[in-house]
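Under numbering that gives the first Met the number 0, think of the first position of the sequence shown as 0, with each following residue one higher.
All residues carry an ideal CB built from backbone N, CA and C; glycine is no exception.
A quick write-up on the structure given underneath.
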Amino acid sequence: MTILTIFGFAFVFGLVGVFVSSQFQEVLYARPRNQIMAPFQAATNGNNNQVQFNSNNTIDYTDTIKSKVSLPEENTVYVRELDQRWFMFYRQKETVSFVDITVEHQTVEVYQARLIWIFSLSAVALLFMSLALSRANMRPIMRSWRQQRTFVADAAHEFKTPMTVIQNNMERMLERPNDTVMDQAEKVANTLTEVRHLNQLVGDLLTLAQADADIPLFAFEDFDLAKTMTEVADIFRFSAEEHGQKLELEVPETLEITGDEQRLRQLLVILTDNALKYAGADSTVVLKAEKNGNNVRVLVSDTGKGVSDADKQHLFDRFYRVDKARSRSTGGHGLGLSIAKWVVQGHRGTITVTDTKPHGTTFRIVLPRNQKKVVDSK
Numbered sequence: 000m001t002i003l004t005i006f007g008f009a010f011v012f013g014l015v016g017v018f019v020s021s022q023f024q025e026v027l028y029a030r031p032r033n034q035i036m037a038p039f040q041a042a043t044n045g046n047n048n049q050v051q052f053n054s055n056n057t058i059d060y061t062d063t064i065k066s067k068v069s070l071p072e073e074n075t076v077y078v079r080e081l082d083q084r085w086f087m088f089y090r091q092k093e094t095v096s097f098v099d100i101t102v103e104h105q106t107v108e109v110y111q112a113r114l115i116w117i118f119s120l121s122a123v124a125l126l127f128m129s130l131a132l133s134r135a136n137m138r139p140i141m142r143s144w145r146q147q148r149t150f151v152a153d154a155a156h157e158f159k160t161p162m163t164v165i166q167n168n169m170e171r172m173l174e175r176p177n178d179t180v181m182d183q184a185e186k187v188a189n190t191l192t193e194v195r196h197l198n199q200l201v202g203d204l205l206t207l208a209q210a211d212a213d214i215p216l217f218a219f220e221d222f223d224l225a226k227t228m229t230e231v232a233d234i235f236r237f238s239a240e241e242h243g244q245k246l247e248l249e250v251p252e253t254l255e256i257t258g259d260e261q262r263l264r265q266l267l268v269i270l271t272d273n274a275l276k277y278a279g280a281d282s283t284v285v286l287k288a289e290k291n292g293n294n295v296r297v298l299v300s301d302t303g304k305g306v307s308d309a310d311k312q313h314l315f316d317r318f319y320r321v322d323k324a325r326s327r328s329t330g331g332h333g334l335g336l337s338i339a340k341w342v343v344q345g346h347r348g349t350i351t352v353t354d355t356k357p358h359g360t361t362f363r364i365v366l367p368r369n370q371k372k373v374v375d376s377k
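Written as structure tokens, this is what we have:
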């Protein structure tokens, strides 16, 4: 591709250079050409209609002249070098007109040399610019390709682990055909857990695949976000108390917003579940929402050990986990925050991660209160 680009630039600039040089030469040689044609202009002398010649700069085309200057064709302009000077010649029969064009010829040579340098440098500059632009255009494609390759590898790994567990459980159960269901209850329960994990993984992968394909998945309508957040908090409150955690809710009595209620509920579930799982025992998780001008600000904070700045840069990457060992034990597969970011972006909002003082993590979401109500198929 690079070689073709070089040849393409060289060819185009060569054609342009030849055209510009020929036009400049044509203009510069116009006056000398008129001068050598002037002696042969016909002028009538009375009624005899004979041609008169101006004797200035005309000579006879003798054998001596022929030996020094070859002018084979009549009525043709020739440019010849003679005694280190340049002349323009024009012949009719045995009469030759000439004019010294040394200055003009040197000017053309200097111009051509400069033109070659200018076009060569321009071609090189444009070549480097084209290569830079090509690389810049290819960079997101290559990044997308690498992400896709990583995505496939991570997805294969996510499928492999539960499938291996299911296979091992089934093989062990087959080794003891006389056992009852109660005897194998633990293996059955483990298998069922992995099946549920696979179902969740497939659902999340399908959601992200539809998001990548720009399939419309949002149906905006007016609803009370405070009510939705209260329902989500009620879902997790019992589980939080069982693990020695506190779940606090700070929302106004009503908080009207235009959005996809189911998708925003999914967002809140993902962030709340994520906070409770990774904050640890004796931690506090706070769900907070408030009006902020024409926007709504939602905060999901925890008092856990927090997330490093390096991890913050990748939290929304697919299959990324801060603690890979704990993710398996907690049932996570690293897609929840990617879906959360997609939901926020689908509502033309922003989501950021900051530290909770004195320790912990806070997810800050800003959503516009009003959206264009376009019902999309889910």
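Rounded distance between the beta-carbons of residue j and residue i, thought under 8 Å
i	j	result
PHE86	VAL95	So it is not a contact: roughly 10 Å between Cβ atoms.
ALA292	GLN370	Per the sequence shown, residue 292 should be read as Gly rather than Ala. Incorrect: roughly 15 Å between the Cβ atoms, too far for contact.
THR206	ILE165	Actually they are not in contact, since the Cβ atoms of THR206 and ILE165 sit about 23 Å apart, beyond 8 Å.
VAL434	VAL306	This structure leaves residue 434 out entirely; the chain is present only between 0 and 377.
THR361	THR302	Contact doesn't hold; Cβ gap of about 10 Å is too wide.
LYS186	ARG171	6 Å
VAL19	LEU126	About 20 Å separates the two Cβ atoms, so there is no contact after all.
ALA280	GLY335	Actually they are not in contact, since the Cβ atoms of ALA280 and GLY335 sit about 21 Å apart, beyond 8 Å.
ASP223	GLU247	Rounded, the Cβ-Cβ distance is 19 Å, inconsistent with contact.
LYS226	THR283	With a Cβ gap of about 23 Å, LYS226 and THR283 do not count as contacting.
VAL250	LYS287	7 Å
MET128	TYR89	In fact, because the Cβ distance is near 47 Å, the residues do not count as touching under 8 Å.
ALA278	GLY359	7 Å
Local conformation of residue i per DSSP, three classes
i	result
LYS371	coil
LEU191	helix
PHE219	coil
GLN209	helix
GLN91	strand
LYS356	coil
VAL11	helix
VAL321	coil
GLU255	strand
SER96	strand
ASP316	coil
THR361	strand
LEU366	strand
VAL76	strand
LEU70	coil
LEU336	helix
GLY305	coil
ASN53	A caution first: ASN53 carries a pLDDT of 47, below 50, which makes its placement in the model too unreliable to give a value.
SER376	Per-residue confidence for SER376 stands at a pLDDT of 46, beneath the threshold of 50, marking its modelled position as unreliable; no derived number is given.
First and last residue of the uninterrupted alpha helix (DSSP H) at residue i
i	result
ILE149	Contrary to the premise, residue 149 reads as Thr rather than Ile in this sequence. THR149 -> alpha helix (DSSP H) spans 101–173.
GLN383	Because the chain is modelled from 0 through 377, residue 383 falls outside the range shown and cannot be assessed.
ALA225	224–241
THR179	Run containing THR179: none; DSSP gives neither H nor E here.
PRO38	Careful: PRO38 lies outside any alpha helix (DSSP H) and carries neither H nor E.
LEU263	260–278
LYS311	308–311
DSSP bridge partner residues for residue i (one or two, in chain order)
i	result
PHE6	Answer by DSSP bridge pairing: none, since PHE6 is not bridged.
LEU246	VAL284
LEU81	ARG84
GLU289	ARG296
THR349	VAL365
Start-to-end residues for the beta strand (DSSP E) that takes in residue i
i	result
SER300	294–301
ASP59	57–59
> Three or more C-beta pairs closer than 8 Å, one from the stretch 296–314 and one from the stretch 231–241: is that the case here?
Replying inline: Short answer: they don't touch.
> Can we say the stretch 58–73 touches the stretch 102–113, given the rule of at least three CB pairs closer than 8 Å?
Replying inline: Short answer: they don't touch.
> Counting pairs of beta carbons, one from the stretch 192–199 and one from the stretch 210–224, are three or more of them closer than 8 Å?
Replying inline: Proximity of the stretch 192–199 to the stretch 210–224 falls short of the contact definition, fewer than three beta-carbon pairs being nearer than 8 Å.
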